[in-house]
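Residue numbers (my numbering): 29 to 175.
Okay, structure first, notes after.
Below, the structure is given as structure tokens:
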């Protein structure tokens, strides 16, 4: 379903992305609409699936996940359905994307407590999944969240 978003919708989404806990009153003031109008816009954006939910942003290092890496996978194409389900069950995988046009098929964001745990996830867990042909690990030295 393609949803038309006007400038007010985009400003609401921008403000909620910056601070998902802001009150509707503060949101209405920030985008210069009434509270009732802000409520109705939020409800419409939720009903249309544009706003999927509200989440907390957790600092990975402060929460005990001091090592992060992007792990690329080359996979057997015919195994994608089973493979994607198994990857979803790996708790250290925080984001997964199927990509095209390059020499890799999947990019994972993996967060672990330390390098030893990362090694275990990559060498034992990911490389042990049927359909994974190869992996490449790119350590993240510094996260720069887009907030």
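A virtual CB, placed ideally from N, CA and C, is assigned to each residue, including glycine.
Quick caveat: nothing in here was measured; it's all calculated off a predicted structure.
In this structure, DSSP gives residue 157 a state outside helix and strand, which the three-state scheme calls coil. Burial is judged here by how many other beta carbons sit within 10 angstroms of a residue's own beta carbon; residue 99 has at least 16 and is buried. For residue 102, the secondary structure class from DSSP, reduced to helix, strand or coil, is strand. Counting the other CB atoms within 10 Å of its CB gives residue 133 a total of 16 or more, which places it among the buried residues. Looking from the CA of residue 166, the closest CA among 73, 127, 54, 136 belongs to 136. A Cβ-Cβ contact shorter than 8 angstroms links residue 149 with residue 140. Assignment of beta-bridge partners to residue 125 by DSSP yields 135. Exposure of residue 71 is indicated by the presence of fewer than 16 other C-beta atoms within 10 angstroms of its C-beta. In the DSSP assignment, residue 64 falls within the unbroken alpha helix (DSSP H) covering 63–75.
The beta carbon of residue 127 sits closer than 8 angstroms to those of 133, 134, 135, all from its chain and outside the five residues before and after it, given in chain order. Note on geometry: alpha-carbon atoms of residue 125 and residue 116 lie some 11 angstroms from one another.
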